[in-house]
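*Asks:*
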Amino acid sequence: MPFTHTVGRLTVIALQDAEGPFPDPRQECFPGATAAQWAEADALDPAARGSGGEWWLRFRSYAIRAGDGPVTLVDAGIGPEGSLAADWAPVPGHLPDELAAAGIAPSEVSAIVLTHLHNDHMGWAVPRDSPFTHARVIVQQADFDAYRANRDQAGQYDLLIEPLWAQGRLQVLDGDHDLSPGLRVLSTPGHTPGHQTVLVEDGDDSLLVTGDLLVHAIQLLHPELAYASDVDPERARASRRKALAEAGGRGTTLAISHLGTAFRELPLG
Ligand SMILES: [Zn+2]
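In UniProt numbering, the protein residues as written are 1 to 269.
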């Protein structure tokens, strides 16, 4: 059964598409991390360490809705067998089953925010594989541009961007943007040129769906640590520090796709 978190009148539901080991040794993913920092991170998020010491990731999406209103999905997982992430991620994902368990029909999903255009975050948004046939799909201009410049990336442009564009379902944003009452997209570049996060707020309650602004508890404890897959580590570090400082300042709950647990309260305890 999916985990839920309430933000005022909004409900945020964590949907685990899949879990599995990262293909590279975790020390290579965070080259600057010390043994003491790893020990700290393992104590904070033990479920992210596999039995052989490997990085064990969850691949989560988050569904957000007010009451039984339309659903906004943040990220779309690794997708089914044969998806764009299939050469490294533990496909098939189970997002449609998780949604059903949460009582959400695919037709209720009106928008999908892709935090960035990596293939472990877009799986079920690819029209060929997607049950969400009329959801608009929201990306940042800088990711769209970077993607267009790399059209040769295993056909991803042809399978994701072009069909969505042709169907009139692609919404390209440039920077921060209010999506609906209590839902705001924030530009957080670095992991990719157009990485974005989603801030959920109602009154004093707030929650940030982080995408890959941070990907492991070691970066929650030590935001200065770069992730080897960050396109621009300096920008990613600046975005991460700023977002975590703001979240810490107002007690914002964090919803982090790849962590062992779906929701993290601040301050860390
Ligand atoms: Zn990711």
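Virtual Cβ for every residue (Gly too), placed ideally from N, Cα, C.
CB-CB under 7 angstroms to D129, same chain, minus the five flanking residues each way: which ones, in chain order?
*Replies:* G79, P80, S83, G123
*Asks:* My guess is that L225 and F22 are in contact by the Cβ rule of under 8 angstroms, so how many angstroms apart are they, rounded?
*Replies:* So it is not a contact: roughly 15 angstroms between Cβ atoms.
*Asks:* Please confirm if the stretch 206 to 220 is in contact with the stretch 163 to 173, defined as three or more CB-CB distances below 8 angstroms between the two stretches.
*Replies:* The stretch 206 to 220 makes no contact with the stretch 163 to 173, as fewer than three CB pairs between them are under 8 angstroms.
*Asks:* Buried or exposed, going by whether 16 or more other CB atoms sit within 10 Å of the CB of S51?
*Replies:* Exposed, by the Cβ-count rule.
*Asks:* If we call anything under 8 angstroms between Cβ atoms a contact, is A48 one with W55?
*Replies:* yes
*Asks:* Do the stretch 57 to 75 and the stretch 7 to 15 meet, that is, are 3 or more Cβ pairs less than 8 angstroms apart?
*Replies:* yes
*Asks:* Grab the span of the beta strand (DSSP E) containing A175 for me, first residue to last.
*Replies:* For clarity, residue 175 is Gly in the given sequence; the question names Ala instead. Neither: G175 is in no beta strand (DSSP E) and is coded neither H nor E.
*Asks:* Under 7 angstroms: does the beta carbon of S257 sit that close to some heavy atom of ligand 3?
*Replies:* Looking at this structure, you won't find ligand 3 anywhere; what it does contain is ligand 1.
*Asks:* Just mark E98 as buried or exposed, buried being the case when its beta carbon has 16 or more other beta carbons within 10 Å.
*Replies:* buried
*Asks:* By the DSSP assignment, the alpha helix (DSSP H) with G248 in it spans what residues?
*Replies:* 233 to 250
*Asks:* Of all the options V7, R237, G77, which has the alpha carbon lying nearest to the alpha carbon of R60?
*Replies:* Here the closest residue by C-alpha is G77.
*Asks:* By alpha-carbon positions, which one of A243, P106, D232 ends up nearest to P223?
*Replies:* Closest option to P223, judged by alpha-carbon separation, among A243, P106, D232: A243.
*Asks:* With distances taken between CB atoms, is the gap from E19 to P90 smaller than 8 angstroms?
*Replies:* yes
*Asks:* So, are the CB atoms of V113 and T72 less than 8 angstroms apart?
*Replies:* yes
*Asks:* Who are the Cβ neighbours of G248 in its own chain at under 7 angstroms, not counting the five residues just before and after it?
*Replies:* L266, P267
*Asks:* For a quick check, are the C-beta atoms of L207 and T133 less than 8 angstroms apart?
*Replies:* no
*Asks:* What is the residue span of the alpha helix (DSSP H) that L214 lies within?
*Replies:* Careful: L214 lies outside any alpha helix (DSSP H) and carries neither H nor E.
*Asks:* For H195 versus V185, is the C-beta distance shorter than 8 angstroms?
*Replies:* no
*Asks:* Pull up the CB-CB distance for D17 and G93, whole angstroms please, since I reckon it's below 8 angstroms.
*Replies:* 4 angstroms
*Asks:* So for Y227, helix, strand or coil by DSSP?
*Replies:* coil
*Asks:* Cβ of D202 within 8 angstroms of Cβ of G8?
*Replies:* Yes, they are a contact pair.
*Asks:* Looking at A236 and D230, is the spacing between their C-beta atoms short of 8 angstroms?
*Replies:* yes
*Asks:* For D232, which option in L259, T192, L254, D205 has the closest C-alpha, if you only look at C-alpha atoms?
*Replies:* Out of L259, T192, L254, D205, the CA that lies nearest to the CA of D232 is found in T192.
*Asks:* Just the residues with CB closer than 5 angstroms to a heavy atom of ligand 1, in chain order, which are they?
*Replies:* D120, D212
*Asks:* Do L44 and L199 have their C-beta atoms closer together than 8 angstroms?
*Replies:* In this structure, L44 keeps its C-beta atom at 8 angstroms or more from the C-beta atom of L199.
*Asks:* Is it buried or exposed for A217, if we count other Cβ within 10 angstroms and need 16 for buried?
*Replies:* buried
*Asks:* Should P163 and P131 be called a contact, given that it needs their Cβ atoms to be closer than 8 angstroms?
*Replies:* no
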